[in-house]
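In case it helps, mature numbering (1 follows the signal peptide of the UniProt record, and there is no 0) puts the sequence shown at residues -30 to -1, 1 to 93.
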Amino acid sequence: MQFQTGIRQSAVVALAIATLLLASGAPGHAAEPNRSVAAAAASCAVTPKSGMGNINIRTGPGTNHSTDGILRSGTWASSACSNVSGGSYSACGGGNKWIVVHPDCLGCYGYVAYSCVRLVRDV
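Structure below.
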């Protein structure tokens, strides 16, 4: 039982550190806009919609921002569980909503076009 408690305490400490890094901005990254502590505790993920192929991960919410990575077809990225308004895009039927995603690095984040992905809550 003590081993399981230690794991839970370590997970809580890791989540708290990640939340602080995201809120304050990790080196080389701006602090994430409109991100609350409650959203940090939420458990969501996104994946490209069926038949979409790979989706660009951008440095900001618009096609005028550079591509910083790719969300590959069949893979998932953790998400902020909400969308933000940004620049318009024409892919996937178009729109101006973007979802903040967290690729596999602590403190990193990017934006994917909302119309191009499927959002799953409580994963």
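Just so you know, even glycine gets a beta-carbon here, dropped at the ideal spot from N, CA and C.
Exposed unless 16 or more other CB atoms sit within 10 angstroms - verdict on residue i
i             : result
threonine 17  : buried
glycine 21    : exposed
serine 39     : Per the sequence shown, the amino acid found at residue 39 is glycine instead of serine. Its Cβ being crowded by 16 or more others within 10 Å, glycine 39 is buried.
serine 49     : buried
asparagine 34 : exposed
Beta-carbon proximity list for residue i, same chain, < 6 Å, skipping 5 on both sides
i          : result
alanine 11 : Because the pLDDT of alanine 11 is 48, which lies under 50, any placement of that residue in the model is unreliable, and the number read from its coordinates should be weighed accordingly. None.
serine 58  : Asn66
Reference residue i, options the options, closest by Cα
i           : options             : result
cysteine 14 : Gly80, Cys86, Val71 : Val71
cysteine 62 : Cys86, Tyr79, Pro73 : Cys86
leucine 89  : Asp38, Ala47, Gly30 : Ala47
glycine 64  : Asn53, Ala83, Asn34 : Ala83
Straight-line gap, residue i to residue j (C-alpha atoms, nearest Å)
i             : j             : result
isoleucine 27 : serine 43     : 13 Å
tryptophan 68 : glycine 80    : 10 Å
proline 73    : serine 60     : 24 Å
serine 36     : isoleucine 25 : 13 Å
The ligand GTP heavy atom lying under 7 Å from the CB of residue i
i         : result
serine 52 : Because no ligand of any kind appears in the structure shown, any question about the ligand GTP cannot be addressed here.
Nonlocal neighbours in the same chain, by C-beta distance under 7 Å from residue i, ignoring five residues either side
i          : result
glycine 32 : Gly56, Gly57
8 Å Cβ shell around residue i - same chain, five flanking residues per side excluded
i           : result
arginine 91 : Ala12, Ser13, Cys14, Cys51
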